[in-house]
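Right, one structure below, let's go through it.
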Amino acid sequence: MSKRGGKGFYELSVRTRFSAAHSLKDYDGKCASLHGHNWEVEVCVRGGRLNKSGMVVDFGDLKECVRRVVSRFDHCDLRQLAEFSNENPTSENLARAVYRALEREIPRGRFRLWRVIVRETPDSSAAYSEAE
Ligand SMILES: [Zn+2]
């Protein structure tokens with residue numbers, strides 16, 4: 003039973019897209035050579051209380067925040083970014099990088115960052131969360 007007395011919670015998500023190239027080391031497959039994807043990032047936040055307008059958070063505000071974080075990945079070779087100097091720019095590592103960057107932007111309060119999902123293709127996704 004949660005401290006909120008089992009009243010339930012809301013989960014909101016926004017999606018944004020960007021295009022970027024990557025290549026994978028120590029990997030035997032198509033993604034070993036440099037190529038691009040149209041990545042989709044889905045960000046979920048979770049909160050138990052609504053504001054006066056009846057919202058957990060304004061979708062527009064959340065989307066703007068996500069776009070700001072994701073914009074640095076747009077139209078670049080992910081391998082060149084500091085985040086991926088020591089690890090492969092896989093969907094998994096990208097999801098964690100976006101999560102960590104967003105955590106700095108979204109202080110825990112009425113709602114909190116819950117999960118980041120990165121889709122490399124419409125059918126393949128990796129989710130990352132540090133929520134317990
Ligand atoms: Zn790939």
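If you read the sequence shown in this note's numbering, its first letter stands for residue 3, the second for the next number, and so on.
For each residue, glycine too, the CB sits at the ideal point set by N, CA and C.
Computed from a prediction, not measured in an experiment: that's the story for all the values here.
query: How about the region 48-64 and the region 23-32: do they share at least three Cβ pairs that are nearer than 8 Å?
result: Inter-segment contact for the region 48-64 and the region 23-32 is absent: fewer than three beta-carbon pairs are separated by less than 8 Å.
- request: With a threshold of 16 other CB atoms inside 10 Å of the CB of Gly-10, please say whether the residue is buried or exposed.
  value: Counting from 1 along the sequence shown, the entry for residue 10 is found at position 8. Around the C-beta of Gly-10, fewer than 16 other C-beta atoms lie within 10 Å, and the residue is accordingly described as exposed.
message: By DSSP's criteria, Ala-103 is part of a beta bridge. Which residues make up the other side?
response: In the sequence shown, residue 103 corresponds to position 101, counting from 1. BP columns for Ala-103 are empty, so no partner.
query: Can you tell me the Cα-Cα spacing of Glu-122 and Arg-106, whole angstroms?
result: Within the sequence shown, the letter at position 120 stands for residue 122. Within the sequence shown, the letter at position 104 stands for residue 106. Here the alpha carbon of Glu-122 sits roughly 24 Å from the alpha carbon of Arg-106.
- request: Kindly indicate the opening and closing residues of the beta strand (DSSP E) around Arg-74.
  value: As a working mapping, residue 74 is identified with position 72 in the sequence shown. Arg-74 -> no beta strand (DSSP E), and no H or E assigned at all.
query: Quick one: is Val-58 near chain C, going by C-beta distance under 8 Å?
result: Structure shown: chain C not included; a single protein chain is present.
message: Under 7 Å: does the beta carbon of Cys-33 sit that close to some heavy atom of ligand 1?
response: By 1-based counting over the sequence shown, the position of residue 33 is 31. For Cys-33, the Cβ falls inside the 7 Å cut-off from some heavy atom of ligand 1.
task: Counting only the same chain and skipping the five closest in sequence on each side, list residues whose C-beta sits under 6 Å from that of Tyr-101.
output: Here residue 101 is taken as the residue at index 99 of the sequence shown, counted from 1. The beta carbon of Tyr-101 lies closer than 6 Å to those of Val-118 and Tyr-130 in the same chain, with the five residues before and after it left out.
- prompt: Taking just the CA atoms, how far does Arg-51 sit from Phe-75?
  reply: For the purposes of this step, residue 75 is identified with residue 73 of the sequence shown, where counting begins at 1. For the purposes of this step, residue 51 is identified with residue 49 of the sequence shown, where counting begins at 1. Whole-angstrom Cα-Cα distance: 33 Å.
task: Just mark Pro-124 as buried or exposed, buried being the case when its beta carbon has 16 or more other beta carbons within 10 Å.
output: To locate residue 124, count along the sequence shown from 1; it is residue 122. Pro-124 counts as exposed, since fewer than 16 other beta carbons sit within 10 angstroms of its beta carbon.
query: Roughly how many whole angstroms lie between the Cα atoms of Asn-148 and Glu-132?
result: Nothing in the structure corresponds to residue 148, since the chain is present only between 3 and 134.
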